[in-house]
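Colleague: Below: one structure in structure tokens.
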Amino acid sequence: MRVIVLTKPFGAVEPARLAGSLAEAGADGADLVIRAGQTVSPDKPGGITAVAKELERAGLSLDVVTTDLLGEDDGETAGRVLAACGDAGVPMMRVGFYRYDPALGYGQRLERARRGLATLARSAEHHGVRLALQLHHGTIHPSGALALRLVEGLDEVRFYADPGNQAKEGSEDWRLHLDLIGERVACVGVKNATWTQGADGWTCDWQPFADGGIIRWAEILRSLRERGYTGPLSLHVHYPAADPLTALRRDLRYLRGML
């Protein structure tokens, strides 16, 4: 399994500097976040090619582009981003989060999300890019079962599994999770969390991967190996870090040790 890095903590650094930092940390590639305040923003998707070239010069690859695209009122932005991914040879784009809205209700939210995802899937196929739906808390796709329901009829869509996000939402037996979506898992987000008690009660908060946490990563990695998973592991530094590169280097070294 290759280890790539979600670029979110580095902000809007130049492509060459981003590639150099990831190479210095010991990553195999990047999971590039396309967002305002990042190296590449949705309104200037041509930057994806620049990042891909700098990563290649550093001996790394651009495995995933992570976006907030939903296919709902995205206009021409989605098409431009997917075209840029295709031109740069990026194999997979993660779509945004279809948030659960109790005022709207699950049924209506599901119907709208399916329309949006189908729109993105058609454009992705045209540009030779595969879509991935991330399992995420606060959405209508926090679990394997609910994610499968959302993508019914869209067999080309893959899943971006994320045990950390599932810990925020609740819990799901990892073996059941892989039984449900294992063959369609194309990326696995890697981070850890812990429960902390504050004035407002207990909360699940991110913490350095190297410090351990409530997610049983040794068991998860073993399960992935046993099932023949060969896709990337995307390491996330979601906790506050004064020096993202130092934090990344420490977490990455710990993950390499587990592998």
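Quick note: the sequence shown uses the UniProt record's numbering, first residue 1, plus one each step. For every residue, glycine included, the Cβ atom is placed at its ideal position computed from N, Cα and C.
Following the continuous alpha helix (DSSP H) through Ser21, name the residue where it begins and the one where it ends.
Modeller: Note, Ser21: alpha helix (DSSP H), Pro15 to Ala25.
Colleague: Excluding five sequence neighbours on each side, which residues of the same chain lie with their C-beta closer than 6 Å to the C-beta of Glu169?
Modeller: Excluding residues within five positions, the ones whose Cβ falls inside 6 Å are His137 and Pro142.
Colleague: Nearest CA to the CA of Tyr160: which residue from Leu178, Cys187, Asp179 and Arg175?
Modeller: Comparing Cα-Cα distances from Tyr160 to each of Leu178, Cys187, Asp179 and Arg175, the minimum goes to Cys187.
Colleague: Specify, as a first and last residue, the run of the alpha helix (DSSP H) that Trp220 falls within.
Modeller: This sequence places Ile at residue 220; Trp is not what is there. Run containing Ile220: Trp217 to Glu226, per the alpha helix (DSSP H) assignment.
Colleague: May I ask which residues mark the beginning and end of the beta strand (DSSP E) holding Gln197?
Modeller: Its beta strand (DSSP E) spans residues Asn192 to Gly198.
Colleague: Looking at the strands, I want to know which residues DSSP matches up with Ile4.
Modeller: Answer by DSSP bridge pairing, in chain order: Gly29 and Ser234.
Colleague: Once the 5 residues before and after Ser171 are set aside, which same chain residues still bring their CB inside 8 Å of it?
Modeller: Cβ within range, chain order: n/a, list empty.
Colleague: In the DSSP assignment, the alpha helix (DSSP H) including Gln134 goes from what residue to what residue?
Modeller: No alpha helix (DSSP H) contains Gln134, which is instead part of the beta strand (DSSP E) from Arg130 to Gln134.
Colleague: Since Ala113 and Ile140 should fall inside the 8 Å C-beta cutoff, what is the C-beta to C-beta distance between them, to a whole number of angstroms?
Modeller: Indeed, because the Cβ distance is near 6 Å, the residues count as touching under 8 Å.
Colleague: Rounding to the nearest angstrom, what Cα-Cα distance links Pro208 and Ile215 in this structure?
Modeller: Rounded to whole angstroms, Pro208 to Ile215 spans 12 Å at the Cα level.
Colleague: Thinking Leu248 and Ala25 are a contact (beta carbons under 8 Å), I'd like their distance in whole angstroms, please.
Modeller: Leu248 to Ala25, Cβ: 5 Å. Contact.
Colleague: Below 6 Å CB to CB, which residues in the same chain sit around Pro232 once its five sequence neighbours on both sides are set aside?
Modeller: Excluding sequence neighbours, Pro232 sits near Arg2, Ile4, Asp63 and Cys187.
Colleague: When you compare each of Pro102, Leu120 and Thr49 to Glu76 by their alpha carbons, which one comes out closest?
Modeller: The shortest C-alpha separation from Glu76 is found at Leu120.
Colleague: Tell me the residue span of the alpha helix (DSSP H) that contains Arg94.
Modeller: Not the alpha helix (DSSP H): Arg94 falls in the beta strand (DSSP E), residues Met92 to Arg94.
Colleague: List the DSSP bridge partners of Ala161.
Modeller: Beta-bridge pairing links Ala161 to Val188.
Colleague: Distance, Cα to Cα, Ala147 vs Glu72?
Modeller: Each residue's alpha carbon lies about 18 Å from the other.
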